[in-house]
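Participant: Residue numbers (my numbering), protein chains in the order written: chain A, 103 to 311; chain B, 44 to 250. The structure under discussion is supplied below as structure tokens; questions concerning it will follow.
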């Protein structure tokens, strides 16, 4: 069977989720640089593979996958990593709930707080977005802090699951943001807990926001 | 019995009510959020630390995040139908659910909030226009993808259609200029045949 093929630059927030899960599960892959700073995703070759024009795109056995959280869930299911992605309906729904939270709530805030406030990228560098994004991400990470303190040490409780993957990316980016941030002890402890995982250090806490 | 917490005009509550309506799941719903408040009260925060709607309580199992709720209800009540069980088919449906969270939802947020929930004197027209343009671009991609497909994953309706469906409905209700998107319009017409969509999505005015 052909190796998993990952299309997307290794410094992309969403590509790193896929690299992290592959590393955790020992999945062999090849990776090609596409996206900001490399070949643009608007190239015909990329658009034929993923017409949405975003990284990562993953090709497994002829099937093109996109949307990083969906890819993470797909790989965990395919490799029967039930400890990371429980098959019990209720436990599984709780994992997915946190993945969705990281995908929508925090990604909206990070547009202003990170893309605008740190990378100065239009239109997110409009002060309206920057200010709103910073306020919002601080509130959301604060909610995560309360949750981890009450129900941790991991996002869905006792064990590390794939819910910690998107959240682990958010938390790493949070600590890199360039404004005066509230101190959240449970989130800080969680960051250190994740940092005991070599795959996290390789792909996420590797000096990149 | 399943209990849904959330006001009927919330787009995320509408996703959940749509599947409840289509599959005919016995339930009760309590108005929470927006003008009804309550999301900051202790009992609610205990269920949902994010203080947003919807939250469900299914005989003691509490869950929030509307897309996850939709998948959970489909798995429980209509596995193999609305929620494909084959791994690749499931990933196909899920990627469109995630696309809503990462692309279309964030794109359409400010045009809706700006035009529907912000008084005219407080509107930032630049932000609204950026949001309209980004939404139109995302929907144009969807329109292309729908070429030769009845629904987002192909010939049958799945959970993949629900999140983008509520946003498509909203898009056509907004007082804005829109590009012609024939496939998206046909998709919307198909959704309008579904009981849950009719009652809980299309039937609720934008507020």
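Glycine is no exception: its CB is placed at the ideal position from the N, C-alpha and C atoms. Bear in mind that the values here come from a model prediction, so they are computed numbers and not experimental data.
1. Quick one: what does DSSP say residue 84 of chain B is sitting in, helix, strand or coil?
2. Give every residue of the same chain whose Cβ lies closer than 6 Å to the Cβ of residue 124 of chain A, excluding the five residues on either side of it in the sequence, and list them in chain order.
3. Specify whether the segment 269 to 281 of chain A and the segment 59 to 77 of chain B touch according to this definition: at least 3 beta carbon pairs, one from each stretch, less than 8 Å apart.
4. Would residue 190 of chain B count as contacting chain A if we go by Cβ distances under 8 Å?
5. Residues in the segment 192 to 210 of chain A with C-beta within 9 Å of chain B's C-beta atoms, listed in sequence order?
6. Which residues mark the beginning and the end of the alpha helix (DSSP H) in which residue 175 of chain B is found?
7. Between the segment 145 to 155 of chain B and the segment 173 to 186 of chain B, are three or more C-beta pairs nearer than 8 Å?
8. Within the same chain, show all residues whose beta-carbon is closer than 8 Å to that of residue 144 of chain B, passing over the 5 residues directly before and after it, in chain order.
9. With C-beta atoms as the reference, is residue 75 of chain B less than 8 Å away from residue 81 of chain B?
10. Nearest CA to the CA of residue 287 of chain A: which residue from A/143, A/281 and A/295?
11. At a cut of 8 Å, does the segment 198 to 205 of chain A reach the segment 94 to 112 of chain B through at least three beta carbon pairs?
12. Taking the straight line between their C-alpha atoms, what separation do you get for residue 118 of chain A and residue 218 of chain B?
13. Is residue 154 of chain A close to chain B, meaning its C-beta is less than 8 Å from at least one C-beta of that chain?
14. By DSSP's criteria, residue 245 of chain A is part of a beta bridge. Which residues make up the other side?
15. If the cut is a Cβ gap below 7 Å, which residues of chain B does residue 225 of chain A touch?
16. Measuring only between beta-carbons, confirm whether residue 65 of chain B sits less than 8 Å from chain A.
17. Using Cβ-Cβ distances below 9 Å, what residues of the segment 143 to 175 of chain A are close to chain B?
18. Please return the same chain residues whose Cβ sits closer than 6 Å to the Cβ of residue 232 of chain A, not counting the five positions on each side in sequence.
19. What residues match up with residue 126 of chain B in a beta bridge as DSSP calls it?
20. Tell me residue 194 of chain B's beta-bridge partners as DSSP assigns them.
21. Quick check on residue 298 of chain A: buried or exposed, where buried means 16 or more other Cβ atoms within 10 Å of its Cβ?
22. Let me confirm a value: residue 91 of chain B is counted as buried when at least 16 other C-beta atoms fall within 10 Å, else exposed. Which label applies?
23. Could you please tell me which residues of the segment 151 to 170 of chain B, in chain order, have their CB closer than 8 Å to any CB of chain A?
24. Look up residue 104 of chain B in the DSSP assignment and give the residues it is bridged to.
25. Return helix, strand or coil for residue 187 of chain A, following the three-state DSSP convention.
26. Can you give me the start and stop residues for the beta strand (DSSP E) that residue 57 of chain B sits inside?
27. In the DSSP output, which residue or residues are listed as bridge partners for residue 259 of chain A?
28. For residue 173 of chain A, which residues from the same chain have a beta carbon less than 7 Å from its beta carbon, with the 5 sequence-adjacent residues on both sides left out?
29. Would you kindly check if the distance between the Cβ of residue 196 of chain B and the Cβ of residue 224 of chain B is under 8 Å?
30. At 4 residues or longer, and completely inside the segment 202 to 229 of chain B: list those alpha helix (DSSP H) runs for me, N to C.
31. Using a C-beta cutoff of 8 Å, does residue 213 of chain B count as contacting chain A?
32. Ordered along the chain, which non-local residues of its own chain (more than five positions away) have a Cβ less than 6 Å from that of residue 231 of chain B?
33. Comparing alpha-carbon positions, which option in A/206, A/208, A/207 and A/178 lies nearest residue 194 of chain A?
34. Could you give the DSSP three-state label for residue 162 of chain A: helix, strand or coil?
35. Specify the secondary structure class of residue 47 of chain B as computed by DSSP and reduced to three states.
36. So which residues on chain B does residue 228 of chain A lean against when the C-beta distance must stay under 9 Å?
Facilitator: Looking at the atomic coordinates:
1. coil
2. 131
3. The way I'd put it, the segment 269 to 281 of chain A doesn't touch the segment 59 to 77 of chain B; fewer than three beta-carbon pairs between them come closer than 8 Å.
4. It does not; no Cβ of chain A falls within 8 Å.
5. 192, 194, 195, 196, 197, 198, 199, 200, 201, 202, 203, 205, 206, 207, 209 and 210
6. 168 to 188
7. yes
8. 110 and 206
9. yes
10. A/295
11. The answer is yes - the segment 94 to 112 of chain B touches the segment 198 to 205 of chain A, with three or more Cβ pairs under 8 Å.
12. 39 Å
13. So yes, residue 154 of chain A belongs to the interface.
14. In DSSP, residue 245 of chain A forms no bridge with anything.
15. 173
16. no
17. 153, 154, 155, 156, 162, 163, 165, 167, 168, 169, 170, 171, 172, 173 and 175
18. 214, 218 and 219
19. B/122
20. Answer is B/197, bridged to residue 194 of chain B.
21. Only exposed fits residue 298 of chain A, as fewer than 16 other CB atoms lie within 10 angstroms of its CB.
22. buried
23. 152, 167, 169 and 170
24. B/101
25. coil
26. Looking at the DSSP string, residue 57 of chain B is not in any beta strand (DSSP E); the run it does join, the alpha helix (DSSP H), is 54 to 66.
27. A/256
28. 120, 158, 160 and 167
29. no
30. The segment 202 to 229 of chain B contains, as complete alpha helix (DSSP H) runs of 4+ residues, the segments 204 to 216 (chain order).
31. For residue 213 of chain B, the closest Cβ of chain A is not nearer than 8 Å.
32. 211
33. A/178
34. strand
35. strand
36. 167, 169, 170 and 173
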